[in-house]
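If you read the sequence shown in my numbering, its first letter stands for residue 1, the second for the next number, and so on.
By construction, the Cβ of each residue, glycine as well, lies at the ideal position given by its N, Cα and C atoms.
Quantities reported herein were computed from a predicted structural model and do not represent experimental measurements.
One structure is given below, encoded as structure tokens.
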Amino acid sequence: MTSDQHLEHHLSDSITITDNRSGESVEIPIVDGGVDSGPWTNLLPGLWFKDEGFAATAVTNSSITFIDGAAGRLEYRGYPIEDLANNSSFLEVAFLLLNGELPNQNQLTSWEETIAEVSDLDPNHHDLLLQAFQKDSHPMGMLTSALAALSSMHPDSRNVEDPKNRSKHTENLIAKIPSIAAAAENFRNGNPSQPFRQDLSYTENFLAAIYGNGDAEYTPDPIFTKA
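In structure tokens form, the structure reads like this:
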């Protein structure tokens with residue numbers, strides 16, 4: 001590559017910002033489809049950038065999610081979302097997001113067992129909490145309130161600097177959300193809460209807790225489970 005070609009290639013992967021008030025310019029490299037705001041703020045101190053809805057602003061680089069809206073691309077850890085939706089379960093994708101790779105069979109079995117072990121709610125806690133709501137309360141409001149209350153039962157969850165502690169409470173949160181959502185929906189419909197069963201999957205348990213009407217033998221339709 002000649003010096004002119006090198007310069008042309010270098011300029012094609014950058015943008016140049018000029019402050020017409022002072023005549024000063026700064027060249028900013030384009031990396032992975034984005035530019036660093038640092039040089040902008042150094043060149044234009046005290047000047048705010050308005051970006052309504054953060055439509056063109058990335059808070060940080062992400063090793064988890066890649067989005068290209070114009071091309072219709074969404075990837076998690078390098079896997080296209082359509083492949084994950086067609087070939088992986090919810091818990092497999094959750095494992096992927098947390099660990100960077102899809103689980104092998106042994107890892108998946110262990111992961112599913114871990115989630116199942118902590119999926120049930122403290123009946124005294126969640127029954128008292130649900131009684132504070134009206135029957136026609138919005139389920140999302142009930143869910144968010146219950147999640148906030150859940151943190152009071154696990155004060156050590158505030159220790160986010162410890163990776164093991166962080167993982168423990170991430171697992172607890174993933175396990176509890178379908179339990180809380182099902183309990184809230186049953187409360188709104190005047191039905192008793194249903195404990196989760198060890199013979200059903202994560203998704204099946206959620207569906208059975210809502211639609212099983214207390215039938216210990218109820219098995220959700222596989223089509224709904226896959227959806």
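Throw me the rounded Cβ distance for the residue i and residue j pair, which I believe falls under 8 Å.
i           : j           : result
residue 157 : residue 151 : 6 Å
residue 73  : residue 100 : With 8 Å as the limit, residue 73 and residue 100 do not qualify as a contact, their Cβ atoms being about 19 Å apart.
residue 143 : residue 184 : 6 Å
residue 122 : residue 196 : Actually they are not in contact, since the Cβ atoms of residue 122 and residue 196 sit about 13 Å apart, beyond 8 Å.
residue 192 : residue 214 : 7 Å
residue 102 : residue 88  : 7 Å
residue 125 : residue 153 : 6 Å
residue 139 : residue 188 : 7 Å
residue 170 : residue 98  : 7 Å
What are the partner residues of residue i, as DSSP defines its beta bridges?
i          : result
residue 27 : 16
residue 66 : 75
residue 80 : 75
residue 34 : 31
Report yes if the CB atom of residue i is closer than 7 Å to the CB atom of residue j, and no otherwise.
i           : j           : result
residue 194 : residue 209 : yes
residue 39  : residue 30  : no
residue 182 : residue 206 : yes
residue 159 : residue 165 : yes
residue 149 : residue 128 : no
residue 26  : residue 44  : no
residue 34  : residue 58  : yes
residue 118 : residue 55  : no
residue 66  : residue 52  : no
At least 3 beta-carbon pairs within less than 8 Å: the stretch 200-207 vs the stretch 82-94: yes
Runs of beta strand (DSSP E) wholly within the stretch 122-199 (minimum 3 residues, chain order): none
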